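Here's the structure we're looking at; comments come further down.
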Amino acid sequence: MAQLTGSTRIARVEVWKCVVPLPAPFTLGATVVAQRDYAVVRLVTEDGTDGAAYGLSRGAPIDVIVAELLAPHLLGQDATDPAALASTLAARLPQHGSEGLVQRALSLIDIAAWDIKGKVAGEPVWQLLGGERGSAPVMLVEGYPLPDEDDDGFAERIGRRAAEGYSMLKLEASMTDQDALARRMAATRKAVGDLSALTVDLAYIWGGHDDVAERAARWPEHGVAWVEDPLHGNDAEGLGRVHAALPVPLAAGDEVTNPQALLTLVAARAVDIVRIDVTCVGGITGFARLHQAATEVGVRISTHVYPELHRHVVFAYPGSGPVEMFPEGGRWDGTGSFCRPMTVRRDADGVMVVDAPTEPGLGIDIDWSAVQAHSVRHQVVRAESAAGGVA
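Take any residue in the sequence shown, note its place counting from 1, add 403, and you have its number in this note's numbering.
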């Protein structure tokens with residue numbers, strides 16, 4: 404382990420609200436997305452070591468919660484002990500609980516602390532967690548429809564990605580016309596062949612569960628690996644009924660901030676795959692408890708985008724893959740505007756994989772000038788400013 408040359412107590416907390424316009428709006432379920440909003444957090448210790456984290460804020464003031472609610476309680480705390488930080492914040496802020504926007508803010512603090520912990524130890528985070536895996540397959544989120552794209556054009560685009568070596572591809576399929584969806588799925592499976600598994604993201608568009616069998620009757624013939632988020636992950640009862648009627652595996656949990664809601668899904672076996680996002684459920688520290696509960700009952704885990712962050716838990720915890728990522732280019736994701744994209748490669752079997760990073764900490768490379776350029780709000784909390792507000 405690296406020898407400490409100074410104090411690892413937190414001396415400064417910085418947080419930005421960043422807005423990244425997308426090249427063109429796209430549809431996600433019932434939502435039209437024209438920009439990506441992020442909270443970007445940076446913890447700096449007394450000896451100058453820094454740790455970073457970021458996550459989608461979707462317009463919510465997560466940055467304000469970090470700066471005004473959490474940061475004053477972080478100053479002077481040991482950044483290399485994420486679990487102790489979580490306990491301190493829980494003890495000092497008991498009225499706020501551990502869900503919703505506060506939980507998202509807490510999650511970013513935890514991730515940034517793990518980044519510092521790894522840098523101080525001179526090891527990547529996945530290694531600190533006990534990981535041994537050298538590479539992991541990628542699930543590419545390519546299947547959002549493009550304007551004026553017909554079924555054949557959509558299928559050809561997905562087929563090209565399969566030919567590149569992506570062994571799992573995610574499709575967004577929120578169209579309500581089931582015949583139209585069946586035609587698109589059939590064309591896509593024909594273009595992909597046996598090269599890739601397909602997952603289908605429904606983005607919460609199902610208002611109920613009464614006609615699941617009818618809606619999903621044709622999915623097995625299209626080789627659907629799993630169907631994702633027909634209902635929100637907080638609806639354990641509804642998802643349980645969907646699961647009972649669904650002829651293909653069910654995944655749910657994106658954006659869920661209450662760990663107990665995910666534990667309920669797992670304990671009830673209401674899903675086959677639980678979707679976990681470290682930027683929502685208490686960070687990397689929170690992920691460990693959920694992984695243990697899922698493993699005990701045989702429920703698989705799939706992580707939610709942020710590949711630069713989630714690769715560490717995928718490498719550390721068996722049954723937590725693949726690593727989900729957007730394609731480069733910023734069509735649907737804005738993190739590449741301020742963070743160097745993760746590198747993927749084609750392995751000896753022709754499959755696109757990501758290798759475990761070797762850099763200490765998270766191994767993320769953030770362009771802080773780009774963060775500032777996309778920032779609409781930047782707050783800094785230091786010891787001298789904590790008593791009187793943010794700088």
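Virtual Cβ for every residue (Gly too), placed ideally from N, Cα, C.
Small disclaimer: the values here were computed from a predicted structure and weren't measured.
Asked: Spatially closest choice to Leu574 from Leu634, Val747, Gly562, Gln775, by CA coordinates; Found: Gly562
Asked: Beta-carbon gap between Gly454 and Ala482 smaller than 9 Å; Found: yes
Asked: Three-way DSSP call (helix, strand, coil) for Gln775 in this model; Found: helix
Asked: N-terminal and C-terminal residue of the alpha helix (DSSP H) that Trp735 is part of; Found: No alpha helix (DSSP H) holds Trp735; DSSP gives it neither H nor E.
Asked: Contacting residues, own chain, Cβ-Cβ under 7 Å from Glu567 (five flanking each side not counted); Found: Met755
Asked: Length of the line joining the Cα atoms of Leu407 and Gly479; Found: For Leu407, the predicted model reports a pLDDT of 44, less than 50, meaning its position is unreliable; a value from the coordinates is still stated below. Between Leu407 and Gly479, the C-alpha separation is close to 16 Å.
Asked: Sub-9 Å separation of Arg445 and Ala508 beta-carbons; Found: no
Asked: Buried/exposed call for Arg743, threshold 16 Cβ in 10 Å; Found: exposed
Asked: 8 Å contact criterion, which Asp632 and Tyr607 should meet: CB distance rounded; Found: 6 Å
Asked: Inter-residue spacing [alpha-carbon to alpha-carbon] between Val779 and Glu624; Found: 48 Å
Asked: Helix, strand or coil at Glu552 [DSSP, three-state]; Found: coil
Asked: Sequence-distant residues of the same chain with beta carbon closer than 6 Å to Arg586, five excluded per side; Found: Asp554
Asked: In DSSP terms, what His781 is bridged to; Found: Trp419
Asked: Cutoff 7 Å; reference Leu668; Cβ partners in own chain excluding five residues on either side; Found: Gly636, Ala639, Leu642, Ala655, Gly656, Val674, Val677
Asked: Supposed close pair Ala414, Glu471 - CB separation, criterion 8 Å; Found: Ala414 to Glu471, Cβ: 18 Å. No contact.
Asked: Boundaries of the alpha helix (DSSP H) in which Glu699 is found, first to last residue; Found: 686–700
Asked: Rounded C-alpha distance that separates Asp497 from Val416; Found: It should be pointed out that residue 497 corresponds to Pro in this sequence rather than to Asp. Cα-Cα distance, rounded: 21 Å.
Asked: Nearest neighbour of Ala437, chosen from Val422, Thr746, Gly556, Gly451 [CA to CA]; Found: Val422
Asked: Cutoff 7 Å; reference Phe718; Cβ partners in own chain excluding five residues on either side; Found: Trp529, Gly534, Arg536, Ala539, Ala759
Asked: Leu765 - DSSP class collapsed to helix/strand/coil; Found: coil
Asked: Buried versus exposed, by CB contacts within 10 Å (16 or more), Thr761; Found: exposed
Asked: Presumed contact (8 Å Cβ cut-off) between Val541 and Val747, rounded CB distance; Found: 6 Å
Asked: Per-residue burial, Lys520 [other beta carbons within 10 Å of its own, 16 or more giving buried]; Found: buried
Asked: Own chain residues within Cβ distance below 6 Å of Arg804, not counting five before or after; Found: Nothing can be reported for residue 804: it is not among the residues displayed for the chain, which extend from 404 to 794.
Asked: Minimum length 3: unbroken beta strand (DSSP E) runs contained in the segment 628–694; Found: 653–655, 676–679
Asked: Same chain only: Cβ atoms within 6 Å of Trp517, ignoring 5 sequence neighbours per side; Found: Pro485, Val528, Ile687
Asked: Cα-Cα separation, Ser723 to Leu665; Found: 15 Å
Asked: Coil, strand or helix - Leu605 by DSSP; Found: coil
Asked: Asp675: CB within 8 Å of a non-hydrogen atom of the ligand GDP; Found: The ligand GDP is not among the ligands present in this structure, which contains no ligands whatsoever.
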